[in-house]
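full-length UniProt numbering puts the sequence shown at residues 1 to 369.
Ideal placement from N, C-alpha and C gives every residue a C-beta, glycine not left out.
Here the structure is laid out as structure tokens; the discussion comes afterwards.
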Amino acid sequence: MVGVGLIGTGFMGKCHAIAWSAVGAVFPDVAKPRLVHLGEVNEDLARRKAGEFGFERASGDWRAVVNDPEVDVVSLTTPNQFHPEMAIAVLQAGKHLWCEKPMAPSFAEAEAMAAAAKKSGKVAALGYNYIQSPAIRHIGALLDEKIIGEVNHLRIEMDEDFMADPEALFFWKHEAASGYGALDDFAVHPLSLVTALFGRVASVICDMAKPYADRKLAAGGRRAVETYDIASVLMHLENGIAGTLLVNRSAWGRKGRMAIQIFGSKGSILFDQERMNEFQLYLTSDRPTEQGYRTILVAPHHKPYDLFVPAPGHSLGFNDLKIIECHELLTRLAGKPARLIEFAEGLEIERTVHAMARSFEEKRWVDVR
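As structure tokens, then:
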């Protein structure tokens, strides 16, 4: 039985806890993991969350989780700037790692994390759960079949509105220590889809913007916003496909939109994460009198939807994608091939993000490699 440690109990920490708790019930080919040790910033919070999530032990020091001999794998769900120290400590302690994205605020830190993973020989996976979507998996299969011919252009956007209110208070994602802003907080997710479906990005040109120059402080006064909520990117992929990437954390009305449009020589495919249980397909092979986008609902034959729901149209959710990702991680821990973005591949996503930021600073096209 795999012993699990969890560091961080916010939105994604709870999501990981749900996944670890449910994966054995959904997937019959893995044993239910043992929730061993939870770490938080203080003992009281740690004990409370351990009780809620079902962990056996709790500590107000994350190092206790890392050094627990009964922990085999650690879920790391803390804010981005804490990832490097914690991730490297986990790997040096001989534990496997499931780390939320992005890897780190700086590329040098991400490189150090990837080097530690390689040296340890342990599995180090990143939390790119959107690639686990049954719809995205099936879109990948259709692309492999060349059902829409040769792909020549893609557009991908990610928008949310949790930073859209100009009166909202300054918080840690507005600090430069957290990274660039939407570019690495957000853009890594659509880039994970690009990686899974098409491969690497070759060159980019990027613009970034701040819709609000400063924010109110809870104690009074205001503080300058140090990150960019908006990024717009033109890119060329290594396989010759032209692309556009647009991300915005201040887009009123958008709650969890990640929309991808894929255009080929014989048709096109559309998908939007806000409607994650369907996608649209247009084929030129249809008769002209019936040509048009058809909506395809995710159903039991779009694996592994069937392990959650036996009926079509009943829908999966965000946490279900994390359960699928957890299963892929356990499959990988068992020494079998798995659909994951591990640190070596994740480092290429980080490299792409930093190339985009460099392009913005230098006002020019930049080669990713």
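State the start and end residues of the unbroken beta strand (DSSP E) segment that holds R358. Run containing R358: none in the beta strand (DSSP E); it sits in the alpha helix (DSSP H), 343 to 362.
Can you tell which of I7, A31, L154, G292 has the C-alpha that lies nearest to the C-alpha of F55? I7
Within 10 Å of its beta-carbon, does Q92 have 16 or more other beta-carbons around it, so buried, or fewer, so exposed? exposed
Cα-Cα, which of R294, S21, S192 is closest to V353? S192
For N80, is the beta carbon positioned less than 7 Å from some heavy atom of the ligand ADP? With respect to the ligand ADP, the structure offers nothing, as it holds no ligand at all.
Bridge partners - E278, DSSP secondary structure assignment: L297
In the stretch 219 to 289, which residue ranges form an unbroken beta strand (DSSP E) of at least 3 residues, counting only runs that do not cross its ends? 222 to 224, 230 to 237, 242 to 248, 257 to 264, 267 to 272, 278 to 283
So what's D61 in DSSP terms, helix, strand or just coil? coil
Which residue wins for smallest C-alpha separation from K49, given the options A64, N80, G10, H83? G10
Boundaries (first-last residue) of the alpha helix (DSSP H) holding N319: 318 to 333
Relative to the C-alpha of K336, which candidate in D272, K363, D29 has its C-alpha closest? D29
Assigned secondary structure, H153 (DSSP; H/G/I helix, E/B strand, else coil): strand
Suppose the cutoff is 6 Å on Cβ atoms and the five residues either side in sequence are ignored; what does the same chain contact list for residue 371 look like? For residue 371 there is no data in the structure shown, the boundaries of the chain being 1 and 369.
Assigned exposure category for N239 - 16 Cβ within 10 Å defines buried: exposed
Identify the continuous beta strand (DSSP E) that holds W98 and give its terminal residues. 96 to 99
Given D229, which residues of its chain have a CB within under 7 Å of its CB, disregarding the five upstream and five downstream residues? M163, G181, A182, K210, P211, N248, R249, S250
What separation, rounded to the nearest whole angstrom, lies between the Cα atoms of I241 and P288? 27 Å
Can you give me the Cβ contacts of L330 inside the same chain, cut-off strictly under 6 Å, excluding the 5 residues immediately before and after it? V30
Kindly confirm or deny that the stretch 343 to 361 and the stretch 192 to 208 touch, where touching means at least three C-beta pairs closer than 8 Å. yes
Give me whichever residues DSSP pairs with I205 in a beta bridge. L234
List the DSSP bridge partners of H37. G5, R57
Does the distance from the CB of P105 to the CB of S178 come in under 8 Å? yes
The beta strand (DSSP E) with V73 in it runs from where to where? 73 to 76
Per DSSP, which residues does K216 bridge with? Please list them. L169, R222
Quick one: Cα of V73 to Cα of A344, how far? 18 Å
Closest Cα partner of G359 within the set C99, L154, M208, D306: Before going on, a small fix: residue 359 reads as Ser here, not Gly. Checked all of C99, L154, M208, D306; the closest Cα to S359 is M208.
Would you please state the rounded distance, in angstroms, between the beta carbons of C206 and M356? I believe it to be under 8 Å. 4 Å
I'd like to check one pair, M103 with L126: are the Cβ atoms closer than 8 Å? yes
Here's a check: name, in chain order, each residue in its chain whose Cβ is nearer than 7 Å to the Cβ of F186, leaving out the five neighbours to either side. M158, V247, R249
As assigned by DSSP and simplified to three states, the class of L143: helix
For L126, which three-state DSSP category applies? strand
Just tell me which of G313, H153, A224, E167 has its CA closest to the CA of L245. H153
Taking its Cβ as the centre, do 16 or more other Cβ atoms sit within 10 Å of F318, making it buried, or is it exposed? exposed
Within 10 Å of its beta-carbon, does A87 have 16 or more other beta-carbons around it, so buried, or fewer, so exposed? buried
Cutting at 6 Å between CB atoms, please list the residues of its own chain near T284, excluding the five before and the five after it. K266, G267
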